[in-house]
Amino acid sequence: LAKTTQPISMDSYEGQEVNITCSHNNIATNDYITWYQQFPSQGPRFIIQGYKTKVTNEVASLFIPADRKSSTLSLPRVSLSDTAVYYCLASGTYKYIFGTGTRLKVLA
Amino acid sequence: DTAVSQTPKYLVTQMGNDKSIKCEQNLGHDTMYWYKQDSKKFLKIMFSYNNKELIINETVPNRFSPKSPDKAHLNLHINSLELGDSAVYFCASSSGQGAKEQFFGPGTRLTVL
Numbered sequence: 001l002a003k004t005t006q007p008i009s010m011d012s013y014e015g016q017e018v019n020i021t022c023s024h025n026n027i028a029t030n031d032y033i034t035w036y037q038q039f040p041s042q043g044p045r046f047i048i049q050g051y052k053t054k055v056t057n058e059v060a061s062l063f064i065p066a067d068r069k070s071s072t073l074s075l076p077r078v079s080l081s082d083t084a085v086y087y088c089l090a091s092g093t094y095k096y097i098f099g100t101g102t103r104l105k106v107l108a
Numbered sequence: 001d002t003a004v005s006q007t008p009k010y011l012v013t014q015m016g017n018d019k020s021i022k023c024e025q026n027l028g029h030d031t032m033y034w035y036k037q038d039s040k041k042f043l044k045i046m047f048s049y050n051n052k053e054l055i056i057n058e059t060v061p062n063r064f065s066p067k068s069p070d071k072a073h074l075n076l077h078i079n080s081l082e083l084g085d086s087a088v089y090f091c092a093s094s095s096g097q098g099a100k101e102q103f104f105g106p107g108t109r110l111t112v113l
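So the sequence lines, in the order shown, correspond to chains Y and B. First residue of the first sequence? That's 1 in our numbering, and the numbers climb one at a time after it. First residue of the second sequence? That's 1 in our numbering, and the numbers climb one at a time after it.
What follows is the structure, encoded as structure tokens:
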């Protein structure tokens with residue numbers, strides 16, 4: 001059974017770059033990696049998705065190495081409002097496995 | 001307009017009762033999901049429907065029965081509630097199966113006493 005693990009928590013200061021890793025050793029060939037952000041009392045919200053190499057959008061970058069056994073979400077210049085729980089998701093046909101979640105706290 | 005809505009937002013009930021949670025999406029999506037988030041914040045898929053057909057049914061007790069009357073709705077009925085059913089239940093939708101962006105509802109916090 002595929003497992004998707006993340007660090008439990010991270011602290012950062014405003015303006016810094018934050019990198020959150022996700023380990024997905026048993027990822028299948030057709031699985032994609034997606035990252036979601038969740039604020040308290042809200043549903044998760046899509047951040048970014050990728051298959052391999054690097055993907056960048058207006059809020060984040062996603063790095064997936066060639067072996068695809070891990071991925072790294074990069075948040076440039078975080079602000080206090082980025083304090084949230086971040087989840088990676090390995091998904092393919094009929095399969096959706098969320099990571100354990102990383103609680104990011106951004107300090108002033 | 002809310003994209004994915006759930007009712008009720010909070011549900012407190014006694015063990016042994018039967019309860020339902022309703023979900024509606026106005027995004028025109030054809031795939032809908034139910035997830036359970038436990039007290040440790042782990043998110044686990046329970047069910048997925050595509051065009052009103054059940055396509056994913058994880059190892060969920062058969063006390064949980066999803067029903068999709070049409071593509072825009074996916075309801076969750078729970079029989080004989082147990083203490084361990086206490087959790088936050090999220091509905092989500094996407095435009096197709098597989099690795100598509102999912103849009104989540106606000107969640108329903110279920111507390112079983």
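Glycine included, C-beta positions come from ideal geometry on N, C-alpha and C. The structure displayed is predicted, hence computed values, not measured ones.
Cross-chain neighbours of residue i in chain Y, by beta carbon under 8 Å
i                           : result
proline 106 of chain B      : Ser41, Gln42 and Gly43
phenylalanine 42 of chain B : Phe98, Thr100 and Gly101
Interface residues of chain B facing residue i [CB-CB closer than 9 Å]
i                         : result
isoleucine 102 of chain Y : Residue 102 of chain Y is actually threonine in this sequence, not isoleucine. Simply none; closest approach about 10 Å.
Beta-carbon proximity check, residue i vs residue j, cutoff 7 Å
i                           : j                       : result
valine 106 of chain Y       : serine 9 of chain Y     : no
phenylalanine 64 of chain B : alanine 3 of chain B    : no
asparagine 50 of chain B    : glutamine 6 of chain B  : no
glycine 92 of chain Y       : glycine 105 of chain B  : no
serine 23 of chain Y        : serine 61 of chain Y    : no
isoleucine 48 of chain Y    : glutamine 37 of chain Y : no
histidine 77 of chain B     : serine 39 of chain B    : no
valine 18 of chain Y        : valine 78 of chain Y    : yes
Distance, residue j Cα to residue i Cα
i                        : j                           : result
glutamate 101 of chain B : glycine 99 of chain Y       : 16 Å
lysine 67 of chain B     : phenylalanine 47 of chain B : 10 Å
serine 4 of chain Y      : isoleucine 55 of chain B    : Note on identity: in this sequence residue 4 of chain Y is threonine, with serine being the wrong assignment. Going from the Cα of threonine 4 of chain Y to the Cα of isoleucine 55 of chain B covers about 22 Å.
aspartate 31 of chain Y  : alanine 99 of chain B       : 7 Å
leucine 110 of chain B   : threonine 56 of chain Y     : 37 Å
asparagine 25 of chain Y : lysine 52 of chain Y        : 14 Å
valine 112 of chain B    : lysine 22 of chain B        : 18 Å
proline 7 of chain Y     : leucine 73 of chain Y       : 12 Å
Partners in chain Y for residue i, counting only beta-carbon separations shorter than 9 Å
i                           : result
phenylalanine 47 of chain B : Chain Y residues near phenylalanine 47 of chain B: none, gap ~11 Å exceeds 9 Å.
Chain Y contact residues for residue i, given Cβ-Cβ distances below 7 Å
i                        : result
glutamine 115 of chain B : Because residue 115 of chain B is not part of the residues shown, which for chain B are 1 to 113, the question remains open.
Contact set between residue i and chain B, taken where Cβ atoms lie within less than 8 Å
i                       : result
glutamine 49 of chain Y : Ala99 and Glu101
8 Å contact criterion, which residue i and residue j should meet: CB distance rounded
i                       : j                     : result
aspartate 67 of chain Y : leucine 75 of chain Y : Between leucine 75 of chain Y and aspartate 67 of chain Y the Cβ distance is about 23 Å, and since that is not below 8 Å, they are no contact.
Tell me whether the segment 83-97 of chain B and the segment 27-43 of chain B touch, counting them as touching only if at least three CB pairs, one residue from each stretch, are closer than 8 Å. yes
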